[in-house]
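Below: the structure, in C-alpha cells.
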Amino acid sequence: GNSVTQMEGPVTLSEEAFLTINCTYTATGYPSLFWYVQYPGEGLQLLLKATKADDKGSNKGFEATYRKETTSFHLEKGSVQVSDSAVYFCALSDVGNQFYFGTGTSLTVIP
Amino acid sequence: DAGVIQSPRHEVTEMGQEVTLRCKPISGHNSLFWYRQTMMRGLELLIYFNNNVPIDDSGMPEDRFSAKMPNASFSTLKIQPSEPRDSAVYFCASSSGTSTGELFFGEGSRLTVL
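What follows is the structure, encoded as C-alpha cells:
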C-alpha cells in the first residue's frame, strides 16, 4: 500500500542554520508529492509540490526534489528563520486522489 | 477566493451531547476530506467523499460518528453521543480531484468534550 515516512522530530535549529527534513515514500504508480506546513493554531497549508520524477518544488526558500530512484522527497532550506517554526508534513497523492500524510516534524528555530 | 470554510471554530460541550461540525469546500472542488488531529494520534483521515459520494469511511472511529455531503457545497460531521476522547481538532479539506491537485485545508474546528 501507499505510505509516507518522515523524519522524527522535534528539530531545533539556530537562526540561519541549514534545514533538512527527510521524507521517503512507498507507492504504486506515479504519485504526486507535497510538503505542507502547519503554524500553531492553523490548518495545514501547501508549501510546495512536485508531480513527476526529477521535478523540484520550491517556495519561500524551501526546496524538495522528487527522486524516484530513492523514493524520496527531502525538504531543505539554506537559512532558516524564527518564522519558519512550525510542523511540516510530507504527503503523497495517488491516481485515485487519495492522500497519505507522514506523521509531521516539528521545527523550532531559536534566535 | 474563499478557501475551505469550517464552523464552528471552537466548540465546548458536555459528554453525551450531539456535536455537528460544518464544512463548505472550495467552489468547483469535487473531493472532500474530514481529518482529525490529536497530539497522541496525529492527523487521521476519517472519511473521503468524491462527487458527494462517500468513497472511504474506514477511518470513522465508530457508529457514534457520521458524515454527510448532501450537495457539492456543504458537508457535516456529526458525533452523537460525544465522549471526552473525541476532543480534537477536526479539519475539512477539499481538492479538485485530479491526481496532481493539492488538498486545501480549512482552519479547523477545535472540539472539547467535558
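Listed in order, the protein sequences are those of chains A and B. Per our numbering, the very first residue in the first sequence carries number 3; after that it's consecutive. Per our numbering, the very first residue in the second sequence carries number 17; after that it's consecutive. All C-beta atoms, glycine included, are put in the ideal place defined by N, C-alpha and C.
For F103 (chain A), the chain B residues whose C-beta falls within less than 7 Å of its own C-beta are L59, listed in chain order. For secondary structure counted as the beta strand (DSSP E) over 3 or more consecutive residues, the region 48-76 of chain B holds these complete runs in sequence order: 58-66 and 69-72.
Ranked by Cα distance from W37 (chain A), the options A:I112, A:F64 and A:V84 are led by A:F64. By the neighbour-count criterion, in which 16 or more other beta carbons inside 10 Å mark a residue as buried, A104 (chain B) falls on the buried side. Residue pairing by DSSP puts G59 (chain A) in a beta bridge opposite A:A66. When the five nearest sequence neighbours on each side are left out, the beta carbons in the same chain lying within less than 8 Å of the beta carbon of P12 (chain A) are those of T107, S108, L109 and T110, in order along the chain. Annotation: E123 (chain B) is outside any beta strand (DSSP E) and is labelled neither H nor E by DSSP. In the structure shown, P97 (chain B) adopts coil according to DSSP, grouped into three states. In this structure, DSSP gives V20 (chain B) a state outside helix and strand, which the three-state scheme calls coil. Beta-carbon to beta-carbon, M85 (chain B) and L119 (chain B) are separated by about 16 Å, too far to satisfy the 8 Å threshold. Across the structure, K70 (chain A) and P100 (chain B) are spaced so that their CA atoms are roughly 43 Å apart. Annotation: G75 (chain B) has no Cβ neighbours in chain A at a cutoff of 9 Å; minimum Cβ distance is about 11 Å. When secondary structure is reduced to three states using DSSP, V84 (chain A) falls in the helix class. Under the 8 Å Cβ criterion, the region 16-30 of chain A counts as touching the region 93-104 of chain A, having at least three qualifying pairs. Against T128 (chain B), chain A offers no close residue; the least beta-carbon distance is about 14 Å (beta-carbon pairs closer than 8 Å).
At a cut-off of 8 Å between C-beta atoms, E118 (chain B) counts as an interface residue with respect to chain A.
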